[in-house]
Amino acid sequence: MTDGTLRATDAVCPHRGGPIADGQFDLGHIVCPLHQYTFRFSDGGCTAEGIGSLGVYRIEDRAGEIVVWL
Ligand code: FES
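Residue numbers (my numbering): 25 to 94.
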């Protein structure tokens, strides 16, 4: 993210189950490759209304050991 923290997301899009893990992303957003809806890493919300939210999880790198906060 833009603040230097890391995030993990669900692999499946909340819209229609698209492979969002294969989507393109920048520091703030990820775009699902199936219908191109965009989701924020900050809260998982979609930039379009009525689509639902993507699960987003905080990650810590503890000296090379990756911890995902579920
Ligand atoms: S399945 Fe991801 S945008 Fe439709």
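For every residue, glycine included, the Cβ atom is placed at its ideal position computed from N, Cα and C.
Rounded to whole angstroms, what's the CA-CA distance from residue i to residue j? Just pull it up for me.
i, j, result
"Val91", "Glu73", "31 Å"
"Gly88", "Phe65", "22 Å"
"His53", "Arg86", "24 Å"
"Tyr61", "Thr29", "23 Å"
"Asp50", "Leu94", "22 Å"
So, helix, strand or coil for residue i, using DSSP?
i, result
"Ala32", "strand"
"Ile54", "strand"
"Ile44", "helix"
"Cys37", "coil"
"Tyr61", "coil"
Can the beta-carbon of residue i be found less than 8 Å from the beta-carbon of residue j?
i, j, result
"Thr33", "Val80", "yes"
"Gly76", "Pro38", "yes"
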